[in-house]
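One structure is given here, and the rest of the page talks about it.
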Amino acid sequence: MEALWMWPATGLGLGLSPLASGTFGSLLALPLAWWLLGRSRRLQLGLVAVLLVAAMPLCQLASDTLGGKDDGRIVADEIVAFPVAVLGQAAARQPLAMAGAFVAYRVLDATKPPPVAQVEAVAGGVGMMLDDLVAALYAWLLVAGGLALWRRRAI
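Here the sequence shown stands for residues 33 to 187, numbered as in my numbering.
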């Protein structure tokens with residue numbers, strides 16, 4: 033990995049795992065998401081937006097370096113998209129809720145239900161980010177629903 037940008041693009045090398053590189057790379061998103069949930073919703077939204085926008089050219093540079101495709105070793109898109117799955121949901125700081133969000137996100141990202149698969153067809157770093165973002169939005173809906181049921185049951 034001669035290019036410096038390859039380190040963040042591959043999740044500090046976790047994306048180089050021969051098995052489940054997206055899942056291993058996404059592990060770096062867990063402390064990021066947990067930290068973000070301790071901030072105001074406005075700050076969460078702002079930081080996530082900045083990270084999503086910054087990841088687009090990073091993913092594009094890494095893709096160009098690795099042959100111009102959405103190479104599985106590139107996991108920056110997964111890392112910055114996962115926090116969207118818990119955005120604004122303070123209860124997701126609980127380990128079980130965070131783990132559930134992570135599993136939901138990874139399943140949705142891997143199985144690519146519509147329109148996740150369709151947005152993946154968008155070219156370049158934007159497309160690389162969009163499929164992960166849509167998967168994270170789906171996961172957010174599942175997490176929000178799960179947390180609402182959990183709160184309701186606890187009453």
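Where is the CB? At the ideal position from N, CA and C, for every residue including glycine. None of the values given here were measured: they were computed from a predicted structure.
Rounding to the nearest angstrom, what Cα-Cα distance links C91 and L140 in this structure? Rounded to whole angstroms, C91 to L140 spans 20 Å at the Cα level.
D163: first and last residue of the uninterrupted alpha helix (DSSP H) it sits in: G156 to A186
In the DSSP assignment, the alpha helix (DSSP H) including S72 goes from what residue to what residue? Run containing S72: none; DSSP gives neither H nor E here.
CA-to-CA distance, L59 to V112, given in whole angstroms: 11 Å
Suppose you measure from the CA of A180 to the CA of R71; what does that come to, to the nearest Å? Distance between A180 and R71, taken at the CA atoms: about 21 Å.
Let me confirm a value: D96 is counted as buried when at least 16 other C-beta atoms fall within 10 Å, else exposed. Which label applies? exposed
Mind reading off the beta-carbon distance from V175 to P147? Whole number of angstroms is fine, and I expect it under 8 Å. At roughly 19 Å, the Cβ-Cβ gap does not stay under 8 Å, so V175 and P147 are not in contact.
Which of the three DSSP states is assigned to G104 in this structure? coil
Residues of its chain near D102, where Cβ-Cβ distance is below 6 Å and the 5 sequence neighbours each way are ignored: In the same chain as D102, and ignoring 5 residues on each side of it, the C-beta atoms closer than 6 Å to its own belong to M160, in chain order.
Residues near R73 by beta carbon distance below 7 Å, same chain, minus five either side: G120
Straight-line CA distance for T55 to R185? The straight-line gap from Cα to Cα measures roughly 31 Å.
S58, enclosing alpha helix (DSSP H) - first and last residue: S53 to S58
Using 8 Å for Cβ pairs, my map puts I106 next to A94. What's the rounded Cβ distance? 5 Å between Cβ atoms; contact.
Using a Cβ-Cβ cutoff of less than 6 Å, which residues in the same chain neighbour S24 once the five nearest sequence positions on both sides are dropped? The question about residue 24 has no answer here: the residues shown for the chain are numbered 33 through 187.
Looking at the structure shown, is Q126 part of a helix, part of a strand, or coil, going by DSSP? coil
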